[in-house]
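Enquirer: Would you mind keeping the following structure in view while I ask a few things?
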Amino acid sequence: MCARFGDEGKIMPNQKRSEVAKKREEREATALRENLKKRKSQQQARKALHAQTIEKREG
22 MCARFGDEGK IMPNQKRSEV AKKREEREAT ALRENLKKRK SQQQARKALH
72 AQTIEKREG
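Reading the sequence shown from the start, the letters are residues 22 to 80 in my numbering.
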């Protein structure tokens, strides 16, 4: 049993289709992890900057 897949409209077996889907899911998961790391580092940078400005005001 074959199915059409992707923009090219290629016909590929279901096993191959599931492998492609797994790879896509892995890529998406990796991208989500990278975005989370970036957000956390940006948040830490903002907190550090905020702490510096408070120190300047008090000092």
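We put the CB at the ideal spot given by N, CA and C, even for glycine.
1. Can you tell me the Cα-Cα spacing of A49 and A72, whole angstroms?
2. Do you know offhand how far R78's Cα is from L70's?
3. Note down the Cα distance separating M22 from S39, rounded to an integer number of angstroms.
Expert: The structure says:
1. Stepping through the sequence shown from its first residue, residue 49 is reached at position 28. Stepping through the sequence shown from its first residue, residue 72 is reached at position 51. The sequence shown places Glu at residue 49, rather than the Ala named in the question. Roughly 35 Å separates the two Cα atoms.
2. Here residue 78 refers to the residue found at position 57 when the sequence shown is read from its first residue. Here residue 70 refers to the residue found at position 49 when the sequence shown is read from its first residue. Those two C-alpha atoms are separated by around 13 Å.
3. Counting from one through the sequence shown, the residue named residue 22 turns up at place 1. Counting from one through the sequence shown, the residue named residue 39 turns up at place 18. Residue placement at M22 is poorly supported in this model, since its pLDDT is 47, which falls under 50; the coordinates are not used for a value here.
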